[in-house]
Amino acid sequence: MIQDSHARPTDADVSYLRRALALAAQAEAAGDVPIGAIFVCGDTKIETWNEKEHRHDATAHAEMLALGEAARMLGRWRFSDATMYITKEPCLMCAGALIAARIGRVVYGARDPKGGADISAFDVLRNPRTNHRPEVLPGVCEEEAAQQLRSFFRSRRT
1 MIQDSHARPT DADVSYLRRA LALAAQAEAA GDVPIGAIFV CGDTKIETWN EKEHRHDATA
61 HAEMLALGEA ARMLGRWRFS DATMYITKEP CLMCAGALIA ARIGRVVYGA RDPKGGADIS
121 AFDVLRNPRT NHRPEVLPGV CEEEAAQQLR SFFRSRRT
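Taking my numbering, the leading residue of the sequence shown gets 1, the next gets one more, and so forth.
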């Protein structure tokens, strides 16, 4: 069940997603999968990108890094008043962390049919059996985000 099929992105949503795409390009330049994330809570904005290769850490996804930095900066782990902007649908690990952090809202670009944990491959973010369900807005700047990922993986295959 899609809870928010009627939701429309705001100008701010589009702006943050475009900035996250620029962050994803930094991940790509560093040899990592181009995924960027921006955590926004009031005046606090945290920008991150995938750093798995750089850190040699399978958990160094953009969302995980943003949540960790937010906890350090804000001195808390519950973020029902925050939004996470991500260039790609969160994976199982990141979706679980977003639920555990009680994130209020998740806005993302490209769907991930092989590993997405919103509605593509797994139903985690919107699952009624979880103890928290954020508002989810998929498909913001979807084509740009999908193209960035396709281009990255195409270059790796040649």
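Even glycine gets a Cβ: it sits at the ideal position worked out from N, Cα and C.
Cutoff 7 Å; reference residue i; Cβ partners in own chain excluding five residues on either side
{"i": "residue 149", "result": "34, 88, 110"}
{"i": "residue 7", "result": "137"}
{"i": "residue 20", "result": "36, 37, 38, 85, 86, 87"}
Whole-angstrom distance between residue j and residue i, CA atom to CA atom
{"i": "residue 113", "j": "residue 121", "result": "5 Å"}
{"i": "residue 61", "j": "residue 50", "result": "5 Å"}
{"i": "residue 124", "j": "residue 63", "result": "15 Å"}
{"i": "residue 39", "j": "residue 158", "result": "34 Å"}
{"i": "residue 142", "j": "residue 11", "result": "15 Å"}
{"i": "residue 55", "j": "residue 43", "result": "28 Å"}
{"i": "residue 70", "j": "residue 76", "result": "8 Å"}
{"i": "residue 25", "j": "residue 9", "result": "22 Å"}
{"i": "residue 15", "j": "residue 86", "result": "12 Å"}
{"i": "residue 13", "j": "residue 65", "result": "20 Å"}
{"i": "residue 58", "j": "residue 74", "result": "25 Å"}
{"i": "residue 92", "j": "residue 140", "result": "20 Å"}
{"i": "residue 154", "j": "residue 145", "result": "14 Å"}
{"i": "residue 18", "j": "residue 47", "result": "12 Å"}
{"i": "residue 115", "j": "residue 152", "result": "17 Å"}
{"i": "residue 147", "j": "residue 128", "result": "32 Å"}
Residues near residue i by beta carbon distance below 8 Å, same chain, minus five either side
{"i": "residue 98", "result": "63, 67, 84, 90, 106, 125, 134"}
{"i": "residue 27", "result": "33, 34, 35, 36, 49, 50, 51, 62"}
{"i": "residue 45", "result": "38, 39"}
{"i": "residue 130", "result": "99, 124"}
{"i": "residue 41", "result": "70, 74, 79, 81, 82, 83"}
Same chain only: Cβ atoms within 6 Å of residue i, ignoring 5 sequence neighbours per side
{"i": "residue 53", "result": "31, 32"}
{"i": "residue 108", "result": "86, 89, 138"}
{"i": "residue 95", "result": "117, 124, 125"}
Assumed close pair residue i, residue j - CB separation to whole angstroms, cut-off 8 Å
{"i": "residue 102", "j": "residue 78", "result": "5 Å"}
Residues sharing a beta bridge with residue i, DSSP
{"i": "residue 38", "result": "47, 85"}
{"i": "residue 135", "result": "105"}
Problem set entry | Ranges of the beta strand (DSSP E) found wholly within the stretch 48-119, counting only runs of at least 3 | 83-88, 105-110
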